[in-house]
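Number of protein chains: 2
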Amino acid sequence: MARAATTSDAFNAVAEPRRREILEHLAGVELPVGDLVIRMRLEQPSVSKHLKVLRDVGLVRVRRNGRHMMYRTNAEEIRPLYEWTKTFERLWAHQLLRIKERAEEKEKALKSE
Amino acid sequence: MARAATTSDAFNAVAEPRRREILEHLAGVELPVGDLVIRMRLEQPSVSKHLKVLRDVGLVRVRRNGRHMMYRTNAEEIRPLYEWTKTFERLWAHQLLRIKERAEEKEKALKSE
DNA sequence: TTGACATATTCCCATATAGGAATGTATATT
DNA sequence: AATATACATTCCTATATGGGAATATGTCAA
Chain A
3 MARAATTSDA FNAVAEPRRR EILEHLAGVE LPVGDLVIRM RLEQPSVSKH
53 LKVLRDVGLV RVRRNGRHMM YRTNAEEIRP LYEWTKTFER LWAHQLLRIK
103 ERAEEKEKAL KSE
Chain B
3 MARAATTSDA FNAVAEPRRR EILEHLAGVE LPVGDLVIRM RLEQPSVSKH
53 LKVLRDVGLV RVRRNGRHMM YRTNAEEIRP LYEWTKTFER LWAHQLLRIK
103 ERAEEKEKAL KSE
């Protein structure tokens with residue numbers, strides 16, 4: 003079996019750096035394809051193809067305005083990724099706590115010299 | 003150009019569902035490969051190969067214990083994904099707010115009937 | 001040393017890209 | 001209708017899989 007399609011879910015779709023970049027540009031802002039092409043210095047077909055992947059998984063919404071296709075990020079679809087990563091939060095919090103504890107131990111040791 | 007390697011970064015590594023599953027199993031718990039094989043009902047070579055990808059990007063740590071290789075999730079490497087998704091938080095919060103507002107409008111309209 | 005056990009690695013192949021180049025489609029303007 | 005503008009789609013190719021099968025490596029036990 004080969005790798006899962008980029009359009010199989012949000013996880014696969016955002017694995018591509020240029021697509022994450024697109025989502026950042028379209029966060030809370032509606033933009034036509036041409037603007038992305040200029041800002042990202044990427045060929046128009048490439049931008050359109052990335053946008054198609056993002057559309058397929060619902061990460062962006064489109065609206066036609068004359069000749070322009072206005073895209074914007076649909077953050078709701080990013081949320082599951084947020085929720086998944088968040089389940090590991092306690093782990094890195096633990097690690098930070100242990101680092102803090104060690105730092106305090108060190109300080110204590112210094113004072114008692 | 004083909005798709006970026008699964009080992010190029012954490013984003014690509016966690017795009018694979020079985021690898022996310024592994025990270026969940028190893029969250030805060032050290033386990034040998036054999037345990038993952040049983041729990042995930044996946045062939046041992048597959049598990050080992052997924053573990054290699056996760057090791058390459060630092061998402062898991064290993065320690066040898068006799069014949070057993072003890073793996074555990076290194077949450078620090080998941081944190082960047084969390085931080086990235088978190089930057090979109092305000093957007094879905096907005097959306098929720100708008101949904102709430104609409105609900106209130108509706109209620110208001112019902113009361114004034 | 002010889003097995004037995006636990007994992008890693010290699011070889012295989014069908015599949016899915018990402019970008020470049022060329023072309024197709026839809027809409028506005030004159 | 002004819003042309004220009006804005007995007008989308010198709011064709012192409014080098015590359016990277018993920019799992020199955022077979023094999024290699026490393027460690028413990030007798």
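Top to bottom, those sequences are chains A and B.
In my numbering, each residue's number is its place in the first sequence (first place is 1) plus 2.
In my numbering, each residue's number is its place in the second sequence (first place is 1) plus 2.
Beta carbons are placed, not taken as given, at the ideal position from N, Cα and C, and that holds for glycine.
Quick caveat: nothing in here was measured; it's all calculated off a predicted structure.
For A/GLU32, the closest of A/ALA95, A/PRO82, A/GLU85 and A/ASN67 by C-alpha to C-alpha distance is A/ASN67. Residue environment analysis places A/ILE80 among the buried positions, since at least 16 neighbouring C-beta atoms fall within 10 angstroms of its C-beta. Interface with chain B (8 Å Cβ-Cβ cutoff): A/GLY30 is included. A/ARG41 sits in a helix when the DSSP states are folded into three classes. Closest option to B/ALA95, judged by alpha-carbon separation, among A/GLU91, A/ALA95, A/ASN76 and A/THR87: A/ASN76. Counting every other CB atom within 10 Å of its CB across the protein chains shown gives A/ILE24 a total of 16 or more, marking it as buried. Across the structure, A/ALA17 and A/ARG69 are spaced so that their CA atoms are roughly 30 Å apart. The beta-carbon separation of B/VAL64 and B/VAL49, rounded to 13 Å, does not stay under the 8 Å limit for a contact. Per DSSP, reduced to three states, the secondary structure at A/ASN67 is strand. Each residue's CA atom was taken as its position, placing A/HIS52 and B/TYR73 some 36 Å apart. Under the Cβ criterion of 8 Å, A/VAL49 is not counted among the residues facing chain B. Rounded to whole angstroms, the gap between the alpha carbons of B/ALA4 and A/ARG5 is 12 Å. A/VAL55 is positioned such that its CB atom lies closer than 8 Å to that of A/THR8. A check of alpha carbon separations from B/ALA12 across B/PHE90, B/PRO34, B/ARG57 and B/ARG92 identifies B/ARG57 as the nearest. Within chain A, the C-beta atoms nearer than 8 Å to that of B/THR75 come from PHE90 and LEU93, in chain order.
Between A/GLY60 and B/LEU93, the CB-CB gap reaches or exceeds 8 Å.
In this chain, the alpha helix (DSSP H) harbouring A/ARG81 covers 81-88. Judged by their CB atoms, B/HIS27 and B/ARG43 are not nearer to each other than the 8 Å cut-off.
Spatial neighbours of A/ARG21 in its own chain (CB-CB distance under 7 Å, excluding positions within 5 residues in sequence) are listed in chain order as ALA15, HIS52, VAL55 and LEU56.
At least one CB atom of chain A sits nearer than 8 Å to the CB of B/ALA6.
The beta-bridge partner set that DSSP reports for A/LEU33 consists of A/TYR73. A/VAL59 carries a coil assignment under DSSP once its states are collapsed to helix, strand and coil. Taking 8 Å as the cut-off, the beta carbon of A/PRO47 is found no closer than this to the beta carbon of A/MET71.
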